[in-house]
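Numbering (my numbering), first residue to last: 3 to 553. Even glycine gets a Cβ: it sits at the ideal position worked out from N, Cα and C. Have a look at the structure below, then the notes.
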């Protein structure tokens with residue numbers, strides 16, 4: 003019994019030693035197999051965006067389609083020439099059967115006439131079992147009123163619609179890439195703030211536990227710090243999820259593998275938007291500056307706007323609507339021109355050969371017999387049962403819709419300029435107000451921590467200061483993003499879709515702000531103020547030592 007127990011103990015010890023040696027090896031193998039993060043700057047994102055964008059590719063296909071439609075329209079005014087070749091083999095021929103049926107029967111009493119029968123070309127023509135036909139056909143419309151020029155003009159206007167759509171798609175892609183990149187940067191910063199907050203919450207809880215043991219704080223303070231610590235952990239998990247989601251959206255826009263880790267190498271404040279746009283310029287036109295980065299002294303590059311930048315008629319969306327109106331006007335004219343007659347000249351030149359079974363392939367071109375016809379045709383619509391009238395009504399309704407969209411687009415373009423300017427002014431004001439606030443809030447937090455450690459401050463006071471510190475950090479991040487996007491919006495406004503001129507872009511941080519504010523309210527005991535412009539706010543606990551600085 004003792005021997006078996008010793009043997010079992012030895013086996014367990016050997017198994018434990020084996021596991022101890024295998025687990026580190028597996029861990030090392032996993033670490034070595036994990037791909038290294040790919041550094042991704044904002045310039046890299048702009049370079050990768052357009053070749054992989056489905057929206058831009060669809061717009062380019064629309065341009066190619068409109069060019070093909072123009073060629074189709076132009077072909078209606080040019081001659082049409084076709085070359086034909088045909089071979090016919092007659093299995094049964096009625097003319098051969100008629101000749102055999104009505105041929106004079108032979109009389110055996112009459113000597114056979116050896117004189118050859120005279121050549122009959124008509125019998126060869128109709129009774130030949132083989133027929134080869136070569137043809138050259140040509141046609142030219144002579145009179146279609148103004149339908150020739152109208153078709154080309156409409157096709158050109160349709161091509162202009164597609165080209166303006168391509169410019170709009172490219173500009174929107176650049177704005178979306180910048181917004182997604184900055185959202186991912188902010189999400190990563192919020193994760194750092196949340197993790198730093200958790201570290202400081204743990205530290206505050208340990209300090210409170212020691213103070214409770216010596217009897218310097220009440221049990222309520224200990225419970226409060228414990229709740230603050232426990233409430234911070236879900237916020238860290240949520241911040242990690244938000245960071246991952248923002249990164250996945252950015253990789254989807256850039257058509258990067260979703261499993262490939264990336265490292266965002268361009269801070270929001272240091273993003274030189276003019277240099278970034280230069281890597282993927284829409285065209286060679288002069289545009290308002292998008293800035294070369296954000297400064298901490300409040301100095302901004304003067305934004306110079308020309309009439310081309312602010313006039314509604316210069317917006318790509320408005321010009322696209324104007325071209326659409328021209329297309330519909332051409333459709334109305336084309337529908338009305340259907341009532342007019344059309345005149346067409348055509349010709350058909352053919353060569354026929356009737357080879358025998360013994361020599362199916364003609365020996366020379368002289369074995370072919372010519373045939374040439376010229377035709378002049380006219381077509382006049384006399385009665386169409388309301389088809390032309392219906393076409394005109396539909397075309398006029400489409401024209402009215404296009405004109406209404408043009409008027410709507412001009413009003414939206416005028417509003418876009420004003421909203422974009424107001425948005426830029428607001429973003430600049432928010433950025434100026436955030437300068438220095440983070441440093442002051444951090445200094446106040448350090449003083450509050452010293453006061454709390456020395457017992458001359460309450461935990462509620464410390465929590466309020468921490469909440470304000472979190473808000474100042476979130477405000478600064480969101481203000482930087484809003485200002486960069488507002489400048490970029492003014493630069494691309496001429497080609498952005500109508501209705502995209504106003505409002506700050508806080509879609510990436512709105513959900514995070516709601517979640518972090520909820521955590522701050524639960525931990526701080528009172529609602530914290532909302533950051534301007536929908537700025538995301540990191541979690542703050544009433545009993546947490548959150549300075550937002552990574553520990």
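Straight-line gap, residue 350 to residue 134 (C-alpha atoms, nearest Å): Position 348 of the chain shown, counted from the start, is the residue given in the question as residue 350. Position 132 of the chain shown, counted from the start, is the residue given in the question as residue 134. One C-alpha to the other measures close to 16 Å.
Tell me the residue span of the beta strand (DSSP E) that contains residue 468. Indexing the chain shown from 1 puts residue 468 at position 466. From DSSP, residue 468 is part of no beta strand (DSSP E) but of the alpha helix (DSSP H) over 461-494.
Which partner residues of residue 264 appear in the DSSP bridge assignment? For this step, residue 264 is matched to residue 262 along the chain shown. The partner list for residue 264 (beta bridge, DSSP) reads 40.
Please classify residue 222 as buried or exposed, where buried requires at least 16 neighbouring CB atoms within 10 angstroms. Residue mapping note: residue 222 aligns to position 220 of the chain shown, counting from 1. When all chains shown are included, residue 222 counts as exposed.
Reference residue 210; option with closest CA among 190, 231 and 40: Residue 210 sits at position 208 when you count from the first residue of the chain shown. The residue with the shortest Cα to Cα distance from residue 210 is 231.
Would you report the Cα separation of residue 363 and residue 90, rounded to the nearest angstrom? To locate residue 363, count along the chain shown from 1; it is residue 361. To locate residue 90, count along the chain shown from 1; it is residue 88. Cα to Cα, residue 363 sits roughly 12 Å from residue 90.
Near residue 494, which residues of its chain fall below 7 Å by C-beta distance, leaving aside the five closest residues on each side in sequence? Within the chain shown, the letter at position 492 stands for residue 494. Only 173, 176 and 177 meet the Cβ criterion.
Let me check understanding here. Comparing Cα to Cα, which of 501, 130 and 84 lies closest to residue 357? Within the chain shown, numbered from 1, the residue matching residue 357 stands at position 355. Considering only alpha carbons, the answer is 130.
Could you compute how far the alpha carbon of residue 64 sits from the alpha carbon of residue 340? For the purposes of this step, residue 64 is taken as the residue at position 62 of the chain shown. For the purposes of this step, residue 340 is taken as the residue at position 338 of the chain shown. Using only the alpha carbons, I get a separation of about 28 Å.
For residue 192 and residue 166, the rounded distance between their alpha carbons: Along the chain shown, read from residue 1 onward, the residue named residue 166 stands at position 164. Along the chain shown, read from residue 1 onward, the residue named residue 192 stands at position 190. Answer to the nearest angstrom: the Cα atoms are 39 Å apart.
Using DSSP's beta-bridge definition, name the partner residues of residue 352. Locating residue 352 in the chain shown gives position 350, counting from the first residue. According to DSSP, which records beta bridges pairwise, residue 352 is partnered with 137 and 373.
Hey, how far is the Cα of residue 347 from the Cα of residue 140? Position 345 of the chain shown, counted from the first residue, corresponds to residue 347. Position 138 of the chain shown, counted from the first residue, corresponds to residue 140. Roughly 8 Å separates the two Cα atoms.
Rounded to whole angstroms, what's the CA-CA distance from residue 452 to residue 238? Just pull it up for me. Position 450 of the chain shown holds residue 452. Position 236 of the chain shown holds residue 238. For residue 452 and residue 238, the distance between alpha carbons rounds to 26 Å.
Can you tell me where the alpha helix (DSSP H) with residue 448 in it begins and where it stops? The count along the chain shown starts at 1 and reaches residue 448 at position 446. First-last of the alpha helix (DSSP H) with residue 448: 439-455.
Quick one: Cα of residue 380 to Cα of residue 400, how far? Taking the chain shown and counting its residues from 1, one reaches residue 380 at position 378. Taking the chain shown and counting its residues from 1, one reaches residue 400 at position 398. One C-alpha to the other measures close to 31 Å.
With DSSP run on the structure shown, which of helix, strand or coil describes residue 231? Here residue 231 refers to the residue found at position 229 of the chain shown. Reduced to three states, the DSSP call for residue 231 is helix.
Measuring alpha carbon to alpha carbon, tell me which residue in 44, 156 and 246 is nearest residue 333. As a working note, residue 333 is residue 331 in the chain shown. Residue 333 has its Cα closest to that of 156, out of 44, 156 and 246.
Pair within 8 Å by beta-carbon distance, residue 337 and residue 402: Locating residue 337 in the chain shown gives position 335, where the first residue counts as 1. Locating residue 402 in the chain shown gives position 400, where the first residue counts as 1. Their beta carbons are not under 8 Å apart, which means residue 337 does not touch residue 402 by this criterion.
With DSSP run on the structure shown, which of helix, strand or coil describes residue 386? For the purposes of this step, residue 386 is taken as the residue at position 384 of the chain shown. In the structure shown, residue 386 sits in coil (DSSP, three-state: anything other than H, G, I, E or B).
If you check the beta carbons only, do residue 471 and residue 488 fall under 8 Å apart? Walking along the chain shown from the start, residue 471 turns up at place 469. Walking along the chain shown from the start, residue 488 turns up at place 486. Contact: no.
DSSP bridge partner residues for residue 87 (one or two, in chain order): Here residue 87 is taken as the residue at index 85 of the chain shown, counted from 1. 136, per the DSSP bridge assignment.
Host alpha helix (DSSP H) of residue 310 (start-end): Your numbering for residue 310 matches position 308 in the chain shown. Segment 309-312, the alpha helix (DSSP H) holding residue 310.
Can you tell me whether residue 82 is helix, strand or coil according to DSSP? Counting from one through the chain shown, the residue named residue 82 turns up at place 80. Residue 82 falls in the strand class under three-state DSSP.
Determine, using beta-carbon pairs with one atom in the region 178-187 and one in the region 250-257, whether at least three such pairs fall under 8 Å. yes
Touch check for the region 325-332 and the region 366-378: three-plus C-beta pairs under 8 Å? no
Whole angstroms are fine: how far does the CA of residue 132 sit from the CA of residue 92? Position 90 of the chain shown, counted from the first residue, corresponds to residue 92. Position 130 of the chain shown, counted from the first residue, corresponds to residue 132. Cα-Cα distance, rounded: 6 Å.
Should residue 441 and residue 485 be called a contact, given that it needs their Cβ atoms to be closer than 8 Å? The residue labelled residue 441 in the question sits at position 439 within the chain shown. The residue labelled residue 485 in the question sits at position 483 within the chain shown. No, they are not a contact pair.
Contact defined as beta carbons within less than 8 Å: I believe residue 200 pairs with residue 482. What is the distance between those atoms, to the nearest angstrom? Here residue 200 is taken as the residue at index 198 of the chain shown, counted from 1. Here residue 482 is taken as the residue at index 480 of the chain shown, counted from 1. Not a contact, Cβ separation roughly 25 Å.
Kindly list the residues whose CB is nearer than 6 Å to the CB of residue 326, restricted to its own chain and excluding five residues on each side of it in sequence; keep chain order. One-based indexing of the chain shown puts residue 326 at position 324. Correct list, in chain order: 163 and 404.
Neighbourhood of residue 69 by C-beta distance below 8 Å, restricted to the same chain and skipping five residues each side: Residue numbering aside, residue 69 sits at position 67 when the chain shown is read from its first letter. Excluding positions up to five away in sequence, the list reads 161.
In this structure, how does DSSP classify residue 332 when only helix, strand and coil are distinguished? As a first step, residue 332 is located in the chain shown; it is residue number 330 there, counting from the start. Residue state, collapsed to three classes: helix.
Go through its chain and collect everything with a Cβ distance to residue 57's Cβ below 7 Å, but skip five positions before and after it. Taking the first residue of the chain shown as 1, we reach residue 57 at position 55. Answer for residue 57: 171 and 175, listed in chain order.
Neighbour-count burial assignment, residue 438, 16 or more Cβ in a 10 Å radius: Counting from one through the chain shown, the residue named residue 438 turns up at place 436. Result: exposed.
Cutting at 7 Å between CB atoms, please list the residues of its own chain near residue 121, excluding the five before and the five after it. Against the chain shown, residue 121 aligns to sequence position 119. In this predicted model, residue 121 has a pLDDT of only 49, less than 50, meaning its place in the structure is not dependable enough to derive any value.
Can you find the residues in the same chain that come closer than 6 Å, C-beta to C-beta, to residue 491, ignoring five residues on each side of it along the sequence? As a first step, residue 491 must be located in the chain shown, where it is residue number 489. Cβ within range, chain order: 422.
I need the boundaries of the alpha helix (DSSP H) containing residue 315, first residue and last residue. The residue labelled residue 315 in the question sits at position 313 within the chain shown. Residue 315 -> no alpha helix (DSSP H), and no H or E assigned at all.
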